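Please read the structure below before turning to the comments.
Residue numbers (the numbering used here): 1220 to 1396.
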């Protein structure tokens, strides 16, 4: 269930501005313009900001900067919670994998001992048994180009947290005026 919630959140977070229901509100576009201003990737930052916030009903219905800041912070909190569950699941999978390799190590060592002692059938049986133990380690995540299975999610979390911080900073600056 946690991974399904996480994947759903990623779909929402990954939604582009073109996928958002209706045109973004003026408070979102002005907020995202201010967030993206003077950044190296201003267009991408703006598009991501507008896409994420427009897809989130609380942000889309915000009438002022404070509402957008709260919505961005809420999105960040939801993302962090889902990442915690995702990481817990990954740790559990890695723990199972570690246990499988420990068992495999003992089984292979036993097979070697049997072979050395002339118990060929017993040694072969142990080695054959050990053969498929690593299958327990196939994680339900796709590895691409030697990346961690959570690199993309970490990057998305950092970007979302940065956007929420930037919006909150705008809100802080607006209250000084």
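Yeah, the Cβ is synthetic: ideal placement off N, Cα and C, and Gly gets one too.
Source: prediction; values computed, not measured.
query                                                                                                    : result
Among 1349, 1303, 1323, 1352, the one whose alpha carbon lies nearest that of residue 1373               : 1303
Presumed contact (8 Å Cβ cut-off) between residue 1248 and residue 1269, rounded CB distance             : 6 Å
Simplified DSSP state of residue 1260, which is helix, strand or coil                                    : coil
Buried or exposed by the 16-neighbour rule on C-beta atoms within 10 Å, applied to residue 1325          : exposed
CA-to-CA distance, residue 1381 to residue 1316, given in whole angstroms                                : 34 Å
Residue 1274 beta carbon less than 7 Å from that of residue 1246                                         : no
Sequence-distant residues of its chain with Cβ nearer than 7 Å to residue 1348 (five each side left out) : 1326
For residue 1387, the three-state DSSP class (helix, strand or coil)                                     : helix
6 Å Cβ shell around residue 1272 - same chain, five flanking residues per side excluded                  : 1247, 1278
Distance, residue 1371 Cα to residue 1330 Cα                                                             : 41 Å
Pair within 7 Å by beta-carbon distance, residue 1378 and residue 1284                                   : no
Check whether residue 1386 and residue 1258 have beta carbons under 7 Å apart                            : no
CB contact flag (residue 1253, residue 1261, <7 Å)                                                       : no
Status (buried if at least 16 other CB within 10 Å, exposed otherwise) for residue 1267                  : buried
Member of 1334, 1287, 1295, 1276 whose CA lies at the smallest distance from the CA of residue 1375      : 1295
Pair within 7 Å by beta-carbon distance, residue 1383 and residue 1291                                   : yes
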